[in-house]
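Using this note's numbering, you'd call the opening residue of the sequence shown number 1 and step up by one each time.
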Amino acid sequence: MSGKAPGEIHVGIGGWSYDPWRETFYPKGVSKARELEYVGQHLTGTEINATFYGRQKPASFAKWRDMVPDGFKFALKGSRYCTNRKNLAEAGESVTNFVEQGIVELGDRLGPINWQLAATKKFDPDEIAQFLALLPERQDGLPLRHAIEPRHESFRDPAFVDLVRKAGVAVVLADSPKYPAFEEAAEAGSFVVSAHFVARRFRMRCGHHS
1 MSGKAPGEIH VGIGGWSYDP WRETFYPKGV SKARELEYVG QHLTGTEINA TFYGRQKPAS
61 FAKWRDMVPD GFKFALKGSR YCTNRKNLAE AGESVTNFVE QGIVELGDRL GPINWQLAAT
121 KKFDPDEIAQ FLALLPERQD GLPLRHAIEP RHESFRDPAF VDLVRKAGVA VVLADSPKYP
181 AFEEAAEAGS FVVSAHFVAR RFRMRCGHHS
């Protein structure tokens, strides 16, 4: 025996409030107010996509936390004000605003923060190194886990791999024909595992993802 504790696998969806899911994913009779509760009964995680578009209230995070069972994880989408900018190295204030908005209210249900880069953002070693250095390890004593989702082919670069490994930041493995498939490199015995956890996103053809 290796003596290592077994890892956990959390399976979730990319948000929980979608009108087309009513009476399809959600059975008839499940009210909108109980959708997250239903997700918590059947899955072990979900993404909070709203954090990409704007700040959420601490009370909202606390409410979501209390609607799901122990062991459930919320993956947060990093703010667009951090990632959709010309120079990521200048995102310090926006990153601080993001982690200080009340995410600690999720407590042990807080999963990874996914910093999804713009599809047009090209790899610049100095810029990415400075951006990774902006990501805090803790917020109010709560450990934070970060993942980065590059969507430009220029990130297929050993220098990028070195940077995320040194930072302990995971590379999101996204199943999409439009963006780099880093798992292909993994099959060749390469570099994708750069943190103590792995983040995988499956994008469905209908436009929703998990």
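Yeah, the Cβ is synthetic: ideal placement off N, Cα and C, and Gly gets one too. These figures come from a predicted structure and were not determined experimentally.
For L117, the secondary structure class from DSSP, reduced to helix, strand or coil, is coil. Judged by DSSP in its simplified three-state form, T46 adopts strand. Straight across, the Cα-Cα distance linking H152 with A91 is about 19 Å. For L163, the uninterrupted alpha helix (DSSP H) segment begins and ends at 158 to 167. For K166 and V30, the gap between their C-alpha atoms comes out near 45 Å. DSSP, reduced to helix, strand and coil, places G92 within a helical segment of the structure shown.
Three or more beta-carbon pairs separated by less than 8 Å are not found between the segment 50 to 68 and the segment 18 to 32, which leaves the two stretches without contact.
Following the DSSP letters along the chain, one finds A33 in no alpha helix (DSSP H), marked with neither H nor E.
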